[in-house]
Amino acid sequence: MQKATKESFKQLIVDTGMEMLATGLTVGTWGNISVRDPESGYIYISPSGMDYKIIKAHHVVVLTDTCELVEGECEPSIEKHMHAAVYRARADVNSVIHTHPIYSTPFGLTNTTMIGVSEDFIQIVGDEIYPAYPYELPGTEELGVTAVNALKGKNAVLLPGHGLLAVGSSLKMAFKICTVVEKNAQILLYTKLLGGEIRRFTQHEIDAMQSFAKNHYGKMNQEM
Ligand SMILES: [Zn+2]
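Letter 146 of the sequence shown, counting from 1, is numbered 1071 in the numbering used here, and no numbers are missing.
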């Protein structure tokens, strides 16, 4: 039997789209946002090819985690397969954001692991994140498979020649992860310009920072 859908989740998608545009994480209609209602398991996803400035709550599409339509008058984002694949693989994830950011994309393009060089990255994203190879075309189920494989329990993955996929316990957290990954990418690229050896965090420091984040931000991360 079909469960109830919630307006609050639709509005979250609308608001995050505007925020994504304002912060320059993506341009035009590219990128896509989804959130999972832990109660029903339904996925609320942005519509395909629609400008974030005109998306309203009723344009948001509701799907099951196997991409069956629950509710919606628009076409869901073409990356619905990638979003659904993440939700099926990660019970801890309740939001997925895919963007086309400038500074993170070269790492995927050159098959370069992005090491964490800032404390915020280590705390909420992971010690490092990986490019998803082999290359798969946008909108395919295969892209979902390679993205999930390359996530390896971290909270972001680099899509070669394409962009970034960030996941979080809430939409707020997934958005924060997008911005922190992009900042870390920018820092890494500037550091390479400056030259010199990059100081890597030790495993002890990584463990300490991640356990701090888990204990102190844990509650905050559950909030929308
Ligand atoms: Zn894309």
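Glycine included, C-beta positions come from ideal geometry on N, C-alpha and C.
Can you determine whether any heavy atom of ligand 1 sits closer than 7 angstroms to the C-beta of residue i, and answer yes or no?
i	result
residue 1025	yes
residue 1088	yes
residue 1107	no
residue 1063	yes
residue 1000	no
residue 1004	yes
Mapping the DSSP letters down to three states, classify residue i as helix, strand or coil.
i	result
residue 1142	helix
residue 1025	coil
residue 1102	helix
residue 997	coil
residue 957	strand
residue 1054	strand
residue 947	helix
residue 1018	coil
residue 972	strand
residue 987	strand
residue 926	coil
residue 980	coil
residue 1090	strand
residue 1062	coil
residue 1049	helix
residue 1112	helix
residue 1123	coil
residue 938	helix
residue 1003	coil
residue 1070	helix
residue 1011	helix
Between the alpha carbons of residue i and residue j, how many angstroms are there, rounded?
i	j	result
residue 940	residue 980	9 angstroms
residue 1105	residue 1065	27 angstroms
residue 966	residue 1038	32 angstroms
residue 977	residue 1097	17 angstroms
residue 982	residue 1059	36 angstroms
residue 1045	residue 1099	13 angstroms
residue 1149	residue 1095	Model confidence at residue 1149 stands at a pLDDT of 37, short of 50, so the residue's coordinates are unreliable and nothing is read from them.
residue 1062	residue 1072	12 angstroms
residue 1020	residue 1069	15 angstroms
residue 997	residue 930	11 angstroms
residue 943	residue 952	11 angstroms
residue 968	residue 1140	28 angstroms
residue 1147	residue 994	For residue 1147, the pLDDT reaches just 46, beneath the cut-off of 50, and the residue's location in the model is therefore unreliable, although a value from the coordinates is still provided. Going by the C-alpha atoms only, they are around 27 angstroms apart.
Are the segment 1028-1047 and the segment 1002-1016 touching by the rule of at least three beta carbon pairs closer than 8 angstroms? no
Determine, using beta-carbon pairs with one atom in the segment 1086-1093 and one in the segment 930-946, whether at least three such pairs fall under 8 angstroms. no
Give a yes or no on contact between the segment 977-995 and the segment 1048-1057, applying the rule of three or more CB pairs nearer than 8 angstroms. no
Three CB pairs or more closer than 8 angstroms across the segment 1053-1061 and the segment 1113-1133: no
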